[in-house]
Amino acid sequence: MAIPLERYIQWLRDNGATFDKFDFKTDQDGIGSVYASQPVEENETLATLPFRLAITEPVARRAFPSLHAYSCRAVMSAFVAQQKNLGSQSFYAPYLDVLPPKIMTTLFFDDDDMRFIENTALATATVERKASIYEEYQKLSKEPGVDNISWDDYLWAYCVLSSRSFPYKLIDPTKEDIPSEVLFPLLDALNHKPNTRITWMRSGDEETGTLSFVTGQPANQGQQLFNNYGPKYNEYDHFAIKPNFSQDPNGPIKLNLLSQANIVSGNDDPLLNYVHRQSAPDSLWKLMRVLVMNETEISYYANCTDASMLDFVGYRNELAMLNTTQSLLQFKLMNVKRLPVSRDQAAKPWQQYALMYRDGQEDVLKSILSMVEQRKQSVLKTMAQDTIAPNAPFLKIVNPEHFSTPREESSSMVMLENVTISLKQLLQRNPTFKNAVDQLFEDIEEEEDIVFMLALIQERSKGDKSKWHDFFNKTSLQEVDPQTAVELQELYSSLFPAFTDAVPDVFHPTTFTFEALLWADNVLNTYSLSNPLVLVPK
Numbered sequence: 014m015a016i017p018l019e020r021y022i023q024w025l026r027d028n029g030a031t032f033d034k035f036d037f038k039t040d041q042d043g044i045g046s047v048y049a050s051q052p053v054e055e056n057e058t059l060a061t062l063p064f065r066l067a068i069t070e071p072v073a074r075r076a077f078p079s080l081h082a083y084s085c086r087a088v089m090s091a092f093v094a095q096q097k098n099l100g101s102q103s104f105y106a107p108y109l110d111v112l113p114p115k116i117m118t119t120l121f122f123d124d125d126d127m128r129f130i131e132n133t134a135l136a137t138a139t140v141e142r143k144a145s146i147y148e149e150y151q152k153l154s155k156e157p158g159v160d161n162i163s164w165d166d167y168l169w170a171y172c173v174l175s176s177r178s179f180p181y182k183l184i185d186p187t188k189e190d191i192p193s194e195v196l197f198p199l200l201d202a203l204n205h206k207p208n209t210r211i212t213w214m215r216s217g218d219e220e221t222g223t224l225s226f227v228t229g230q231p232a233n234q235g236q237q238l239f240n241n242y243g244p245k246y247n248e249y250d251h252f253a254i255k256p257n258f259s260q261d262p263n264g265p266i267k268l269n270l271l272s273q274a275n276i277v278s279g280n281d282d283p284l285l286n287y288v289h290r291q292s293a294p295d296s297l298w299k300l301m302r303v304l305v306m307n308e309t310e311i312s313y314y315a316n317c318t319d320a321s322m323l324d325f326v327g328y329r330n331e332l333a334m335l336n337t338t339q340s341l342l343q344f345k346l347m348n349v350k351r352l353p354v355s356r357d358q359a360a361k362p363w364q365q366y367a368l369m370y371r372d373g374q375e376d377v378l379k380s381i382l383s384m385v386e387q388r389k390q391s392v393l394k395t396m397a398q399d400t401i402a403p404n405a406p407f408l409k410i411v412n413p414e415h416f417s418t419p420r421e422e423s424s425s426m427v428m429l430e431n432v433t434i435s436l437k438q439l440l441q442r443n444p445t446f447k448n449a450v451d452q453l454f455e456d457i458e459e460e461e462d463i464v465f466m467l468a469l470i471q472e473r474s475k476g477d478k479s480k481w482h483d484f485f486n487k488t489s490l491q492e493v494d495p496q497t498a499v500e501l502q503e504l505y506s507s508l509f510p511a512f513t514d515a516v517p518d519v520f521h522p523t524t525f526t527f528e529a530l531l532w533a534d535n536v537l538n539t540y541s542l543s544n545p546l547v548l549v550p551k
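Per the numbering used here, residue 14 is the first one in the sequence shown, and the count goes up by one each step.
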């Protein structure tokens, strides 16, 4: 047995700790573990530690009384680093000496290690977190008694706490709502394994009490013993989504809408939402509905203060929201799949763990994308069974009774083209018109929006013979912005009367009027989805 470990075990026993069946070992990767030196019975006490051996926030703050403005983690990191630097003069030296000199969290990753998590949420979080820790360290290092603690020592201490600490409420249950932590020598030697049946038994007060681990399952001699740290949240088994409103001309209005309707994520950043496997917070869907609002939708919802009104805005908005969310997730999936190194280069254990994490992220993303696709299919199936709302624009805020009535879903698969209007459909229904635009436009895809507007005007001219006549009849021309009218007048003048002269049998002057172009432009702006460009006529 190595001398530091012998010293540590003796220190524990001299100070009242008990652990009769513990056999401390180090595995091939240098990771310490605890094994049963004798058979362990169910409900047997594995270990007991007096609280006076613990490193707590009160102990740390007594050592640094001037750091009252700093967080628990900052003060405790400073204290652990200070005690480590004291060497044998520190009461906690036997414990600190057996801790790994390098805590292999991602905060200790070098450039080579970071390549294995490149393009993942973990990489971004690591960079941001390390920068935040360093910023706090720089402030701390100017305080009395902390100025002799190096950044490397502080980061090591910080990582010791992040990887080994327990909640302080185990010492003082009255502090349950206070975010404080504690280091328990001995008890932190057990590696973590989910679903391990173990009970933490507290006795006595915070000065003279103890904490014991009582196992809920038997173990054979030589079997590794584990601790279950409780329902710890894995902050990296998720994806962070934070929409960017900075490039949106209506960004300030949308942010104000989110604020007044109290659409917040509950995180420090109210716009930052975490998406997990098969689950996403309601705040994300509402936020995304606001993000994709077009000019018409935002004009109706700008003064909304009721968050429930954002449970559903309208079919166009819902499909746009799901499409945008899907695109964001697909972009993240593409990045996660883009590994900048070969897998066989993962020679270090933590690099192999990084690849396992990366594979897990890919799996989670695929699962979330499947969930979004299921939601989209549900919307399409409902649309297939629904009738057009009474009043345009077809929003819930305009038609509350219509959209509050439960709808049945279609029993069969519904494709987007089954419930929308596409340019392809319009051209197929009007072959003479299609031949005309083929002659007049060199590249229909390049001028898709213009051809779409002309095709809408042509289809509307059929009256009740068009399958979409209800939609056309309800979408009367709204008030037009003067600048938009000027721009459309320029477009109209570039098309007519030239098109009428070229194909008079198709482009009748009484049908293709300037007012008709204004109507078509309004319809396209109010009811369209992009990629692919289609209209949602409900």
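The beta carbon of each residue, even a glycine, is placed where N, CA and C say it ideally should be.
Just so it is clear, the structure is predicted and the values come from calculations on it, not from any experiment.
In terms of residues, what are the limits of the beta strand (DSSP E) holding residue i?
i	result
I211	211-216
I16	From DSSP, I16 is part of no beta strand (DSSP E) but of the alpha helix (DSSP H) over 16-27.
F252	252-254
Residues bridged to residue i by DSSP?
i	result
S52	A small fix is needed here, since residue 52 is Pro in this sequence, not Ser. Paired residues: none, contrary to the question.
H13	The first residue shown for the chain is 14 and the last is 551, placing residue 13 beyond what the model contains.
D36	Y48
L62	L224
P180	E194
N286	I254
L542	V547
S175	Answer is none; S175 lacks a bridge partner.
T338	Looking at the DSSP assignment, T338 forms no beta bridge with any residue, so it has no partner.
I434	L548
I68	L196
Are the C-beta atoms of residue i and some chain B residue less than 7 Å apart?
i	result
N161	Protein chain content of the structure displayed is limited to a single chain, and chain B is not contained in it.
Within the continuous alpha helix (DSSP H) that includes residue i, where are the two ends?
i	result
P78	Per DSSP, P78 belongs to no alpha helix (DSSP H) and is neither H nor E.
K299	295-304
K478	Counting along the chain, K478 falls outside any alpha helix (DSSP H), and DSSP gives it neither H nor E.
K361	Looking at the DSSP string, K361 is not in any alpha helix (DSSP H), and its letter there is neither H nor E.
G264	264-273
Q151	134-153
L504	495-508
M117	Per DSSP, M117 belongs to no alpha helix (DSSP H) and is neither H nor E.
D126	124-127
Y108	106-110
Q471	461-473
E308	308-314
Can you tell me the Cβ-Cβ gap for residue i and residue j, rounded? I've got them flagged as a contact below 8 Å.
i	j	result
Q365	T318	No, Q365 and T318 are not in contact; Cβ-Cβ is about 52 Å, not under 8 Å.
P353	E141	The Cβ separation is near 20 Å, so there is no contact.
A94	Y181	A94 to Y181, Cβ: 20 Å. No contact.
K34	S50	5 Å
L537	M466	6 Å
A533	I470	5 Å
Y328	F407	7 Å
Q97	A170	Residue identity differs from the one stated: residue 97 is Lys in this sequence, not Gln. Yes, K97 and A170 are in contact; Cβ-Cβ is about 7 Å, under 8 Å.
K188	M396	Not a contact, Cβ separation roughly 53 Å.
Within the same chain, show all residues whose beta-carbon is closer than 7 Å to that of residue i, passing over the 5 residues directly before and after it, in chain order.
i	result
Y246	Note that Y246 has pLDDT 45, beneath the 50 cutoff, so the model's placement of it is unreliable and no number is given.
S543	none
T118	C172, S175, S176
K345	F252, L378
S101	none
L393	V427, L429, V432
Sorted by chain position, which residues of the same chain lie with C-beta nearer than 6 Å to residue i's C-beta, five sequence neighbours on each side aside?
i	result
L382	L342
N263	I311
T58	S225, V227
R20	P107
K299	I276, L323
R351	N132
V493	L531
F527	Y505
Excluding the five sequence neighbours on either side, which residues of its own chain have a C-beta within less than 8 Å of the C-beta of residue i, listed in chain order?
i	result
A498	L531
V195	A67, I68, T69, E70, S178, F179, P180, Y181, L183, I184
Q452	A515, V516
Q390	M426, V427
P157	S79
G126	Before going on, a small fix: residue 126 reads as Asp here, not Gly. Answer for D126: T119, K361, W363, Q364, A367, listed in chain order.
N286	A253, I254, K255, S278, N280, A293, P294, S296, L297, L300
K206	F239, N240, N241
Original post:
Pairing CB atoms from the region 264-278 with CB atoms from the region 358-375, are three or more of them under 8 Å?
Top reply: These segments do not touch.
Subject >> At least 3 beta-carbon pairs within less than 8 Å: the region 47-63 vs the region 110-117 >> reply: Contact fails: fewer than three Cβ-Cβ distances are below 8 Å.
Original post:
Touch check for the region 394-410 and the region 486-496: three-plus C-beta pairs under 8 Å?
Top reply: Segments in contact, yes.
Original post:
Three or more beta-carbon pairs under 8 Å between the region 83-99 and the region 145-161, yes or no?
Top reply: Three or more beta-carbon pairs drawn from the region 83-99 and the region 145-161 are found closer than 8 Å, and the two stretches are therefore classed as touching.
Subject >> Any 3 or more C-beta pairs closer than 8 Å across the region 409-428 and the region 442-451 >> reply: The way I'd put it, the region 409-428 doesn't touch the region 442-451; fewer than three beta-carbon pairs between them come closer than 8 Å.
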